[in-house]
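Protein chains in written order, with the numbering used here: chain E, 1 to 282; chain H, 283 to 564. All C-beta atoms, glycine included, are put in the ideal place defined by N, C-alpha and C. Worksheet: one structure, shown below.
Protein chains: 2
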Amino acid sequence: MSISIELLEEHRMFDGWQQRYRHFSSSLQCSMTFSIYLPPPRDDSPPPVVYWLSGLTCNDENFTTKAGAQRIAAELGIVLVMPDTSPRGDDVANDEGYDLGQGAGFYLNATQSPWAAHFRMYDYLIDELPLLVQEHFNISDRQSIMGHSMGGHGALMLALRNPQRFRSASAFAPIVNPCQVPWGRKAFTAYLGADESQWLQYDSCHLLSSLPSEQETFPILVDQGDSDQFLADQLQPAKLAELARQRGWPLQLRVQPGYDHSYYTIASFVEDHLRFHAARLF
Amino acid sequence: MSISIELLEEHRMFDGWQQRYRHFSSSLQCSMTFSIYLPPPRDDSPPPVVYWLSGLTCNDENFTTKAGAQRIAAELGIVLVMPDTSPRGDDVANDEGYDLGQGAGFYLNATQSPWAAHFRMYDYLIDELPLLVQEHFNISDRQSIMGHSMGGHGALMLALRNPQRFRSASAFAPIVNPCQVPWGRKAFTAYLGADESQWLQYDSCHLLSSLPSEQETFPILVDQGDSDQFLADQLQPAKLAELARQRGWPLQLRVQPGYDHSYYTIASFVEDHLRFHAARLF
Chain E
1 MSISIELLEE HRMFDGWQQR YRHFSSSLQC SMTFSIYLPP PRDDSPPPVV YWLSGLTCND
61 ENFTTKAGAQ RIAAELGIVL VMPDTSPRGD DVANDEGYDL GQGAGFYLNA TQSPWAAHFR
121 MYDYLIDELP LLVQEHFNIS DRQSIMGHSM GGHGALMLAL RNPQRFRSAS AFAPIVNPCQ
181 VPWGRKAFTA YLGADESQWL QYDSCHLLSS LPSEQETFPI LVDQGDSDQF LADQLQPAKL
241 AELARQRGWP LQLRVQPGYD HSYYTIASFV EDHLRFHAAR LF
Chain H
283 MSISIELLEE HRMFDGWQQR YRHFSSSLQC SMTFSIYLPP PRDDSPPPVV YWLSGLTCND
343 ENFTTKAGAQ RIAAELGIVL VMPDTSPRGD DVANDEGYDL GQGAGFYLNA TQSPWAAHFR
403 MYDYLIDELP LLVQEHFNIS DRQSIMGHSM GGHGALMLAL RNPQRFRSAS AFAPIVNPCQ
463 VPWGRKAFTA YLGADESQWL QYDSCHLLSS LPSEQETFPI LVDQGDSDQF LADQLQPAKL
523 AELARQRGWP LQLRVQPGYD HSYYTIASFV EDHLRFHAAR LF
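This is how it looks when you write it as structure tokens:
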């Protein structure tokens with residue numbers, strides 16, 4: 001089974017290639033775009049991959065254009081894959097709020113109408129997109145994942161549910177406990193229904209607490225600006241850090257003084273994140 | 283005489299500050315914004331400044347968000363100042379084309395109706411903005427200038443007309459001979475009128491050829507992608523490089539294979555440009 005992908009644009013960057021593709025997603029039942037950075041070839045061994053998941057309102061291009069990550073990926077020899085944040089299109093359900101519907105998929109499989117028909121980002125990211133990337137690009141099976149805000153939730157949640165898949169996970173200002181904060185409660189109610197027991201499978205705090213004690217660990221790095229306007233109400237990464245401490249999970253939470261929720265923060269620390277992942281990927 | 287400036291936003295970035303300001307410009311007779319990056323303080327000596335001039339359709343935020351220059355500016359201790367590309371506002375003349383009017387000021391003083399009332403970017407950049415920046419920020423009088431495309435034209439033209447002001451100049455894909463290419467001829471006809479002798483004062487090829495032989499030189503660095511769609515029709519930086527060679531002016535033109543006209547190219551080489559300027563600023 002071969003899925004075709006269409007090259008939309010490509011740009012030479014740091015002696016590698018920044019590309020953008022469109023393809024039809026069988027998980028999401030719509031056309032999707034993703035961006036990918038291919039570093040300059042180093043030797044015969046295929047490079048590892050770091051997935052980046054973006055936050056609310058973003059698509060595959062925010063990180064591509066604003067984070068400055070390609071410089072480090074080129075140096076380290078890492079492929080970066082930037083998916084979109086939700087299914088898209090006129091046929092896809094949407095909402096007037098910026099925090100529900102298109103641009104706000106929360107990386108889960110929706111079960112409720114009108115969302116269930118397309119909003120299956122969990123399947124897309126765990127099953128479909130990695131296979132498609134593996135098929136079309138010369139990459140190794142070594143993978144790590146990182147993200148920002150809603151995408152930080154996605155990165156941590158996907159890694160904690162699939163610890164055999166990811167060698168490390170990191171996040172900027174992640175939503176770590178979506179069951180308990182306004183963004184998460186609004187989205188989970190809409191996508192998953194009122195039965196909160198169905199929400200837990202997508203809550204990083206719950207997932208970390210529930211992993212069997214014999215579970216092999218992978219390291220997690222979290223950066224959180226202390227001038228982030230969403231810190232107190234939506235993010236609270238110290239909750240996850242405390243749960244990690246209690247069970248001896250290797251999680252480092254760095255509180256960055258004066259930094260906010262923007263891509264200026266991501267740009268400032270993305271080098272640390274990629275070097276953190278590289279230590280596990282090579 | 284003190285001109286007030288209004289802080290619109292600020293973000294911590296690489297331990298310095300990315301800020302955006304609004305002020306009323308007496309040169310342009312309208313409200314203007316500019317962005318500035320203030321690196322972390324190094325010692326008691328005030329930092330030098332590098333001005334960045336953007337290309338057609340851009341404002342002060344394109345370079346700010348996409349180039350990744352603040353990382354290097356933070357390391358080197360350089361202030362970056364990003365002006366807008368033209369006067370702005372409902373009272374300011376405009377055109378339907380992307381290459382004339384707002385967003386396309388070409389860094390000159392217009393003499394023709396309806397442009398002359400506001401389009402005085404040359405005066406704004408040489409007289410007004412540097413004074414305003416000097417008044418509000420702790421900076422040295424050491425300055426260099428760089429830019430992209432129309433802004434590469436602006437950087438080279440301003441430096442060649444004011445060699446005592448700038449220690450170095452650099453450009454990505456600059457319009458070096460606007461009198462002879464479609465973008466320049468359209469803009470100069472509109473802003474300066476049909477008398478082409480009035481255009482020469484804004485043409486870098488003409489300016490470099492006309493400088494007196496005893497003129498003290500300053501170094502110029504130009505990066506040009508050979509996959510730039512505008513290379514043949516609009517840019518032709520080899521023209522300027524040949525004139526520099528003929529008169530022994532220190533200009534390096536680097537042709538970058540596979541690179542295009544985008545910010546992906548700028549991001550790939552901006553570190554080289556800032557280190558080039560730093561060698562003259564410190």
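Classification of residue i by the beta-carbon crowding that lies within 10 angstroms, buried from 16 upward
i: H/Ile285; result: exposed
i: E/Asp203; result: buried
i: E/Asn162; result: exposed
i: H/Ala514; result: exposed
i: E/Thr217; result: exposed
i: E/Ala194; result: exposed
i: H/Gly379; result: exposed
i: E/Gly248; result: exposed
i: H/Asp505; result: buried
i: E/Ser197; result: exposed
i: H/Leu490; result: buried
i: H/Gly507; result: buried
i: E/Arg88; result: buried
i: E/Gln246; result: exposed
i: E/Asp91; result: exposed
Contact set for residue i: own chain, Cβ-Cβ below 7 Å, skip 5 residues either direction
i: H/Ile548; result: Ala349, His430 and Phe454
i: H/Asp366; result: Met314, Thr315, Phe316, Asn341 and Asp342
i: H/Ser297; result: Note on residue identity: the sequence assigns Asp, not Ser, to residue 297 of chain H. If we look at H/Asp297 and ignore the five residues flanking it on each side, its Cβ neighbours are Pro322 and Ala356.
i: H/Pro329; result: Pro321, Gly359, Ile360, Val361, Ile421 and Ser422
i: E/Glu128; result: Ser25, Ser26 and Ser27
i: E/His136; result: Ile5
i: E/Trp115; result: Ala93, Ala190 and Tyr191
i: E/Arg71; result: Phe14
i: H/Leu503; result: Ser452, Gln534, His555 and Phe558
i: E/Thr64; result: Gln18, Ser35 and Met82
Close-in-space but distant-in-sequence residues of the same chain around residue i (CB under 6 Å, 5 per side omitted)
i: E/Ala155; result: Leu53, Ile145, Met146, Gly147, Ala169 and Ala171
i: E/Asn62; result: Ser54
i: H/Arg536; result: Asp505
i: E/Leu200; result: His206
i: E/Ala159; result: Ile145, Phe166 and Ala169
Partners in chain H for residue i, counting only beta-carbon separations shorter than 9 Å
i: E/Arg71; result: Gly350, Arg353, Ala549, Ser550 and Glu553
DSSP state of residue i mapped onto helix, strand, coil
i: E/Thr33; result: strand
i: H/His418; result: helix
i: H/Trp334; result: strand
i: H/Phe401; result: coil
i: H/Asp505; result: strand
i: E/Glu96; result: coil
i: H/Ala453; result: strand
i: H/Ser495; result: coil
i: E/Gly151; result: helix
i: H/Tyr389; result: coil
i: H/Arg302; result: strand
i: E/Ser25; result: strand
i: H/Ile285; result: coil
i: H/Gln534; result: strand
i: H/Pro464; result: helix
i: H/Ile427; result: strand
i: E/Val270; result: helix
i: E/His11; result: strand
i: E/Pro83; result: strand
Per-residue contacts from residue i into chain H (C-beta, under 8 Å)
i: E/Met146; result: Result: empty, since nearest Cβ-Cβ is about 18 Å, beyond 8 Å.
i: E/Ser262; result: His293
i: E/Ser227; result: Arg294
Interface partners of residue i on chain E, CB under 7 Å
i: H/Phe296; result: Ser268
i: H/Gln300; result: Tyr264
Chain-ordered neighbours of residue i on chain E, where CB pairs are closer than 8 Å
i: H/Thr347; result: Thr65, Lys66 and Tyr263
Interface residues of chain H facing residue i [CB-CB closer than 7 Å]
i: E/Gly258; result: Arg294
Chain C within 8 Å of residue i, Cβ atoms only
i: H/Gln394; result: Looking for chain C here will not work: the only protein chains present are E and H.
*Does the count of Cβ pairs from the segment 268-276 of chain E and the segment 233-251 of chain E closer than 8 Å reach three?*
no
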